[in-house]
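Since the structure comes first, as structure tokens, the remarks are kept for the end.
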Amino acid sequence: METIMNNIWPIVWVILAYCIGSFPTGVLYSRTRHDIDVRSLGSGGSGATNVGRNFGFRAAIMVTIVDVLKGLIPVLIAKNIFSESPLIIMATALACVIGHSYPLWAGFRGGKIVATSIGVLVAFNIYLALVLVIILGILIFLTSTVSLSSMTSYSIIALYIAITNPEPVYKVGFILIALLLLYRHRTNIQRLLKGNESRINWGLNKPNK
């Protein structure tokens, strides 16, 4: 029985991590505070960027914090409980971001995983997460484009992990997160290629009024 439980518990934990990642922060905020689903506005996403564009900076910060915690807390717990198993730790991370992308509690229509992926990275290596945030801030300042900056900064860090980390599971896992992030931004990529992607009102390339 103990062997069976030892085999089942990691599966249960990964499923729980998916459920935590599925917590629809932006959708709940918009519905409870503004009586509208944020996914019906702007880019159609439920993440902090679309929340911020429609409901303001403070709303975006609130959603960002919760979405970061959705990736941070489950992975930290997994690192503590399953410290001997990189596979379970990485499976937890992937479950969190997949839950955010395809949330069980919101019709499988979620966000673009930027904040939750950063939360995962903070749990994995806080110093790399700080480097990512710095790169992200610089790119946003240079381009005034959140989508391009997010995709570029996370891809850089994922490639760094793939090149330098000795554990194959982490190499593959963070590349998969970066690829999912790119896939979730596929409509943004199309708009970037057409030159009509939305820009924020901050930085060197902010839209002219």
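Note that this note's numbering gives residue 61 to position 12 of the sequence shown, counting from 1, and the numbers run on in steps of one. Ideal placement from N, C-alpha and C gives every residue a C-beta, glycine not left out.
Next item on the list: Look at the Cβ atom of alanine 78, then the Cβ atom of valine 112, and state whether they are nearer than 9 Å.
Entry: According to the sequence displayed, residue 78 carries tyrosine and not alanine. Yes. Within cutoff.
Note to self: Tell me whether the segment 194-204 and the segment 228-243 touch, counting them as touching only if at least three CB pairs, one residue from each stretch, are closer than 8 Å.
What the structure shows: yes
Notebook entry, point to check: valine 163 and threonine 98: beta carbons closer than 9 Å?
Noted result: yes
Note to self: In the DSSP assignment, the alpha helix (DSSP H) including glycine 148 goes from what residue to what residue?
What the structure shows: 135-150
Note to self: Less than 9 Å between the beta carbons of proline 135 and glutamate 216, yes or no?
What the structure shows: yes
Notebook entry, point to check: Smallest Cα separation from isoleucine 226: which of Asn250, Ile167, Phe190 and Ile187?
Noted result: Ile167
Note to self: If distances are taken between C-alpha atoms only, which option among His83, Val87 and Cys68 comes closest to valine 146?
What the structure shows: Cys68
Margin query: According to DSSP, is phenylalanine 157 part of a helix, a strand, or is it coil?
Written below: coil
Note to self: Below 8 Å, how does it come out for the segment 92-108 and the segment 177-188: are there three or more Cβ pairs, yes or no?
What the structure shows: no
Notebook entry, point to check: Since leucine 191 is in the alpha helix (DSSP H), which residue starts that stretch and which ends it?
Noted result: 175-192
Note to self: Tell me the rounded alpha-carbon separation between lysine 243 and valine 115.
What the structure shows: 33 Å
Check: When DSSP labels each residue in this structure, what does serine 259 get in the three-state scheme?
Finding: No information on residue 259 is available, as it lies outside the stretch 50 to 258 that the chain covers here.
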